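Taking it in order: structure first as structure tokens, then the write-up.
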Ligand code: CDP
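Residue numbers (the working numbering): 8 to 218.
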């Protein structure tokens, strides 16, 4: 079984995708970590995330199996990720790895922005997970605070809005729900409720596909 999960920044896709992968016994790939790793490496090397040639070189040299998630969850990493993600050569460099992951024998859950539309349009079930920008800013604030970062909720909201605009407005693989995606608005749902809702959507979709 292949499950594609897309949605805007901090909508809760990652937590949900991890739980679904554990529940169904599937491998899990957080595709955002690939873009974050490229963005961070560009910054570490003193480059500009908007420099297409520089970012593409970093993306092509990225060792996907060596990504250390621990430094990738900062606001700076998120912003740099969405800048390199606009560059078609960066997206192309990361595509084969994501497609091979999606084709694993045991099945997989992938989360990102373009999984249901570009990486795995043939996925068995597609979820598009959203929440209001204010609720997403609140969640990201809690996440960063818990990690010990100095954060301001108003600034996080501005950054989330800017990142959504960049992700939705880019020409190559913009953030959008696939036509056959199931919408899951988690604004008023805690993680447990969102998980139960997702399981019920997936189980129903899988029943429909075998009968
Ligand atoms: O966790 P959060 O929702 O904040 O972001 P993420 O999933 O880690 O993704 C970081 C950035 O990578 C996004 O803002 C996108 O610009 C980019 N991205 C993408 O373009 N395509 C993907 N499949 C995944 C992430």
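Ideal placement from N, C-alpha and C gives every residue a C-beta, glycine not left out.
Predicted, not measured: the structure shown is a model, and the values here were computed from it.
Pairwise C-alpha distance: residue 127 and residue 187: 12 Å
Three-state secondary structure (DSSP) at residue 132? strand
Assuming residue 124 contacts residue 183 (C-beta within less than 8 Å), just tell me the rounded distance between them. By a beta-carbon distance limit of 8 Å, residue 124 contacts residue 183. Their separation comes to about 7 Å.
Run the CB neighbour count on residue 193, radius 10 Å, all protein chains shown included, and call it buried at 16 or more, exposed below. buried
Counted within 10 angstroms of its Cβ, other Cβ atoms place residue 161 as buried (16 or more) or exposed: It is exposed - the Cβ of residue 161 has fewer than 16 other Cβ atoms within 10 Å.
Burial state of residue 67, where buried means 16 or more other Cβ atoms lie within 10 Å: exposed
Reduced DSSP category for residue 194 - H, G, I as helix; E, B as strand; rest coil: coil
Classify residue 119 as helix, strand or coil using the three-state DSSP reduction. strand
Only counting runs of 3 or more residues, tell me where the beta strand (DSSP E) segments fall wholly within the segment 158 to 205, in order along the chain. The qualifying runs are 189 to 192.
Enumerated in chain order, which unbroken segments of the alpha helix (DSSP H) with a length of 4 residues or greater are wholly contained in the segment 12 to 80? Qualifying alpha helix (DSSP H) stretches, in chain order: 20 to 31, 39 to 51 and 59 to 68.
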